[in-house]
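Taking it in order: structure first as structure tokens, then the write-up.
In the numbering used here, the protein residues as written are 569 to 682.
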């Protein structure tokens with residue numbers, strides 16, 4: 569998804585992948601009801617956006633091909649994802665590694681003792 573933010577001084581264009589948007593979904597299924605309740609999303613590398621619908625004047629609802637379609641991506645949340653994309657992605661990858669999970673669908677990481 570490409571987002572363009574314009575002001576009088578400048579224009580900024582950001583590209584967010586479907587995978588990035590899916591793993592950072594604002595839904596309660598992903599974020600939980602607090603930081604400790606969040607559910608790490610693994611196996612979402614090949615996920616695709618199937619539909620985008622307006623949600624009032626304040627955001628959009630994104631439907632993904634893994635049947636996830638809850639959560640409203642407000643304009644301010646999308647801008648936050650854009651401006652912090654690199655650090656959010658690095659944190660996500662670190663959490664996957666720590667949990668022994670992978671971005672690949674239907675794949676399990678097996679760690680052997682040294």
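The C-beta atom is built at its ideal place from N, Cα and C for all residues, glycine as well.
| Query | Result |
| --- | --- |
| Would residue 652 and residue 593 be called neighbours here (beta carbons separated by less than 8 Å)? | no |
| Please classify residue 593: does DSSP put it in a helix, a strand, or coil? | coil |
| Starting from the C-beta of residue 645, find all residues in its chain whose C-beta is less than 8 Å away, skip the five residues before and the five after it, and write them out in chain order. | 594, 627 |
| Could you pull the start and end residues of the alpha helix (DSSP H) that residue 655 belongs to? | 653-667 |
| Measure from the C-beta of residue 588 to each C-beta in chain B and report whether the shortest distance is under 8 Å. | Protein chains in the displayed structure number just one, and chain B is not present. |
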